[in-house]
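Student: This note's numbering puts the first residue of the sequence shown at 351, with every later residue one more than the last.
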Amino acid sequence: MNEQFSRQDRAATETPTTHFGFQTVSESEKAGKVAGVFHSVASRYDIMNDLMSGGLHRIWKAFTITRAAIRPGMKVLDIAGGTGDLASAFAKRAGPQGEVWLTDINSSMLGVGRDRLLDKGQVLPVAVCDAEHLPFPDQYFDRVSVAFGLRNMTHKDAALAEMRRVLKPGGKLLVLEFSRIAKPLAPAYDWYSFNILPWLGEKVAGDAESYRYLAESIRMHPDQDTLAEMLRTAGLERVQYFNLTAGLVALHEGVRLD
Numbered sequence: 351m352n353e354q355f356s357r358q359d360r361a362a363t364e365t366p367t368t369h370f371g372f373q374t375v376s377e378s379e380k381a382g383k384v385a386g387v388f389h390s391v392a393s394r395y396d397i398m399n400d401l402m403s404g405g406l407h408r409i410w411k412a413f414t415i416t417r418a419a420i421r422p423g424m425k426v427l428d429i430a431g432g433t434g435d436l437a438s439a440f441a442k443r444a445g446p447q448g449e450v451w452l453t454d455i456n457s458s459m460l461g462v463g464r465d466r467l468l469d470k471g472q473v474l475p476v477a478v479c480d481a482e483h484l485p486f487p488d489q490y491f492d493r494v495s496v497a498f499g500l501r502n503m504t505h506k507d508a509a510l511a512e513m514r515r516v517l518k519p520g521g522k523l524l525v526l527e528f529s530r531i532a533k534p535l536a537p538a539y540d541w542y543s544f545n546i547l548p549w550l551g552e553k554v555a556g557d558a559e560s561y562r563y564l565a566e567s568i569r570m571h572p573d574q575d576t577l578a579e580m581l582r583t584a585g586l587e588r589v590q591y592f593n594l595t596a597g598l599v600a601l602h603e604g605v606r607l608d
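See below:
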């Protein structure tokens with residue numbers, strides 16, 4: 351009996367852990383470590399995206415914008431919006447009667463995005479916020495998007511549940527994220543990810559480790575079917591996904607029906 355209580359006590363005091371790339375860290379550490387990565391890369395983020403993807407990230411985002419089907423007057427939430435590419439496009443389509451929020455948990459990334467929008471003459475509401483605890487009312491938005499941000503979240507299930515919570519009935523969630531590339535391409539992609547990406551990070555951003563983490567975080571992210579099931583578990587329906595560039599990236603969609 352005492353041994354049983356001892357095991358229970360140890361279990362109660364164990365610190366919950368999660369992944370930071372290939373490392374196992376405490377959940378309380380992960381947010382700070384991810385923040386450090388994006389504080390480091392914020393100023394060179396767009397340049398690195400173009401170099402890393404050969405400009406393909408612009409095509410992936412354009413497809414997402416098309417699938418979002420934003421209409422004038424819509425309310426849109428862009429989570430982990432970074433440098434504001436999607437928010438800018440959504441705002442043009444939602445028009446002056448619409449409402450498009452740019453949010454990110456990282457103040458450095460959000461600052462870059464806000465400044466870029468202002469340079470274009472776009473004044474949008476911005477907020478530093480955690481996707482797992484969104485500061486918005488229930489059923490407020492027609493669309494919620496997250497591009498290349500979900501894999502960095504500690505509790506993806508909680509974040510997806512929050513995204514559903516703030517969607518109106520009939521509203522759509524769009525998740526653009528790196529996924530599982532077609533198997534014949536995997537060896538070449540792995541070599542590129544773990545050799546070229548850190549080298550580019552060092553040469554362009556002066557930070558090889560952050561880009562090594564980004565490569566590792568992609569491998570730890572759920573594959574296409576697993577993420578689709580996570581959307582369903584969060585209460586979204588009509589879930590589907592589109593593989594882009596042989597599965598290097600996938601766009602997942604889900605609709606809140608009730």
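Glycine included, C-beta positions come from ideal geometry on N, C-alpha and C.
1. Taking 9 Å as the threshold (C-beta atoms), are Leu594 and Phe440 in contact?
2. Compute the distance between the beta-carbons of Leu452 and Leu474, then report whether it is under 9 Å.
3. Quick one: complete alpha helix (DSSP H) runs, 4+ long, within the region 399 to 478?
4. With DSSP collapsed to three states, give me the class of Gly521.
5. Pair every Cβ in the region 542 to 557 with every Cβ in the region 476 to 487, then say whether three or more of these pairs are closer than 8 Å.
6. Across which residues does DSSP place Arg493 in a beta bridge pair?
7. If I follow the unbroken beta strand (DSSP E) through Val516, where does it start and stop?
8. Evaluate Ile397 with the Cβ neighbour count: other Cβ atoms within 10 Å of its Cβ, from every protein chain shown; 16 or more gives buried, anything less gives exposed.
9. Buried or exposed: where does Lys506 fall if 16 or more other Cβ atoms within 10 Å of its Cβ makes it buried?
10. Looking at the strands, I want to know which residues DSSP matches up with His602.
Tutor: Reading off the structure:
1. no
2. yes
3. 406 to 418, 435 to 444, 457 to 469
4. strand
5. no
6. Val426, Lys522
7. Unbroken run through Val516 is the alpha helix (DSSP H), 506 to 516; no beta strand (DSSP E).
8. exposed
9. buried
10. Val525, Tyr591
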